[in-house]
Every structure is written in structure tokens, then in C-alpha cells.
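Engineer: Next up is a structure, given as C-alpha cells.
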Amino acid sequence: DVKVTQSSRYLVKRTGEKVFLECVQDMDHENMFWYRQDPGLGLRLIYFSYDVKMKEKGDIPEGYSVSREKKERFSLILESASTNQTSMYLCASSLGDSPLHFGNGTRLTVT
Amino acid sequence: KQEVTQIPAALSVPEGENLVLNCSFTDSAIYNLQWFRQDPGKGLTSLLLIQSSQREQTSGRLNASLDKSSGRSTLYIAASQPGDSATYLCAVRPFWNAGNMLTFGGGTRLMVKP
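Here the protein sequences line up with chains A and B, keeping their order.
Quick note on the numbering used here: the first sequence kicks off at 416 and runs consecutively.
Quick note on the numbering used here: the second sequence kicks off at 116 and runs consecutively.
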């Protein structure tokens, strides 16, 4: 069974801090994704990676960056956290056209 | 830009009822459509994936249909159970998109009462 693990379930950070959200998958999937989920706005794609060191912007990349140095790990970076980045962050992975597999999410609060 | 809408936003039914969840999308040039389930505070679990060339997919008590020309999909749940209570989301992958990026609907929050 595919496992997508997000390192933290809950995070509380202060405005201006640099924040790292980590995601690891164990099935050698080439595609990895970061979404954020907000009430009334649904899931929105932040960044996507289709291979090591490759990345594509999603619908809302502003204020975020990503890193994919190894195939199994995809990191989301908030360079300077702001309160409007308080959200549920969901990581996903997929192999080719197969369905996406999601992690359990990280609920980030920026105060 | 593709927009995905799910109606109703919330639904409450008694146990045992058959029910239909609706998903509509504005651009019919899709590669596939997926239905997901999300339990409170958790990630999404894939339920069914329908390729653009298919009309329906079935898994157990779930049946998803796709009418690409009208921009609609339905998820049919037979003999609903309290354990079916969750939020159900549909998502489409554009035909041009080689990277499996999805556009999601807002979800339907389902409550099945014992």
C-alpha cells in the first residue's frame, strides 16, 4: 500500500518565520504535489514536481517555494510565514496516470 | 479556466437510502475524473477514477458515471451506511495536462444517520 507521510500533523509558527513542511512517499512515484485546503475555497494546487529537481507552479505559488532533491521527498517552504498562510496543507503523489495518494495533512497556524 | 462545482454542498440522509452526488465541470476537454473521500481532519482517499473514454466505474456500493459532453459526473452510493459519512470531492484532470494536476470541486459533506 502506498504511504505518503507528512512530518507534522499540527504546526504553530510566528509571522515572519521560515517554515518547512516535509512530505515523503515510499512507492517511487515520480509525481508529487502540494495543495492547500481552505473552507469555501476547496483544494488549490501550490506546486507540483514530476521528477527530481523539477517543479511547476500551480494555481497559488506566491509566498511558497519547493525542493525536491530526492525522488521520495518533496518539501514546501514558506520563506516568511504570514497569517494568510494559515491552512491545511496536503501532500500527494502519483505514478503516471494512477490516482493520487494523499498524506493526512499538516494543519499550520501562523500567529 | 476549468471550474468544478459540486451540488449539494451538504446532504443528510437516513441509513439505507440510495443517494446521488453531483459534479459538474465547465471544460469538457478532460483526461479523466476522480472521486475522493475525505474524513474530518484527514487526507483524501481515492474512490474511483474514470477515464475520458469511459462512461462509468463501479467499486462495491459505489458507482460513478461520466457524461463528458454535458460536463457532468455523478457518484451513486447504494444502501448508505453511517460509515459513509464524510466529504466527497470530485476532481478533473485537463486533457492537455501531462502532469496529473487536478482541479477540485468544493465537495459534498455527507451525513448518514443511523
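Using N, Cα and C, we set each Cβ at its ideal position, and we do this for glycine too.
May I ask you to list the residues that DSSP assigns as paired with G186/B?
Structural biologist: Working through the second sequence from its first residue, we reach residue 186/B at position 71. Answer is none; G186/B lacks a bridge partner.
Engineer: Between the region 149-170 of chain B and chain A, which residues of the former have a C-beta closer than 7 Å to a C-beta of the latter?
Structural biologist: Result list: Q149, K157, G158, L159, S161 and L164.
Engineer: Please list, in chain order, the chain B residues whose beta carbon lies closer than 9 Å to that of S512/A.
Structural biologist: Position 97 of the first sequence, counted from the start, is the residue given in the question as residue 512/A. The sequence shown places Asp at residue 512/A, not Ser. What D512/A touches in chain B: Y146, N147, L164, Q166, R208 and N215.
Engineer: Between the region 508-524 of chain A and the region 121-128 of chain B, are three or more C-beta pairs nearer than 8 Å?
Structural biologist: No, the region 508-524 of chain A is not in contact with the region 121-128 of chain B.
Engineer: Would you call the CB atoms of I165/B and N137/B closer than 8 Å?
Structural biologist: For this step, residue 165/B is matched to residue 50 along the second sequence. For this step, residue 137/B is matched to residue 22 along the second sequence. In this structure, N137/B does not lie closer than 8 Å to I165/B by Cβ.
Engineer: Between G473/A and chain B, is any beta-carbon pair separated by less than 8 Å?
Structural biologist: As a first step, residue 473/A must be located in the first sequence, where it is residue number 58. With 8 Å as the cut-off, G473/A counts as an interface residue toward chain B.
Engineer: Residue range of the beta strand (DSSP E) that K428/A falls in?
Structural biologist: Translated into the one-based positions of the first sequence, residue 428/A becomes position 13. It spans Y425 to K428 - the beta strand (DSSP E) in which K428/A sits, taken as one unbroken run.
Engineer: Using only alpha-carbon positions, find the residue among N215/B, T223/B and R187/B that is nearest to L460/A.
Structural biologist: Taking the first residue of the first sequence as position 1, residue 460/A is located at position 45. Closest option to L460/A, Cα to Cα, is N215/B.
Engineer: Does any C-beta atom of chain A lie closer than 8 Å to the C-beta of G220/B?
Structural biologist: As a first step, residue 220/B must be located in the second sequence, where it is residue number 105. Interface residue, yes.
Engineer: Can you tell me which of L162/B, S167/B and P155/B puts its alpha carbon nearest to the alpha carbon of A144/B?
Structural biologist: For this step, residue 144/B is matched to residue 29 along the second sequence. When only C-alpha atoms are compared, the closest one is S167/B.
Engineer: Below 7 Å between beta carbons is the criterion; list the residues of the region 483-513 of chain A that meet it against any residue of chain B, in chain order.
Structural biologist: The residues in question are L505, S509 and D512.
Engineer: Within the continuous beta strand (DSSP E) that includes N147/B, where are the two ends?
Structural biologist: The residue given as residue 147/B occupies position 32 in the second sequence. Here the beta strand (DSSP E) through N147/B covers I145 to Q153.
Engineer: Taking one C-beta from the region 483-492 of chain A and one from the region 463-474 of chain A each time, how about it: are there three or more such pairs within less than 8 Å?
Structural biologist: They touch, by the three-pair rule.
Engineer: Using alpha carbons as the reference points, say which of L505/A, G511/A and S497/A lies closest to R429/A.
Structural biologist: Looking up residue 429/A in the first sequence gives position 14. Checking every option, the nearest Cα to that of R429/A belongs to S497/A.
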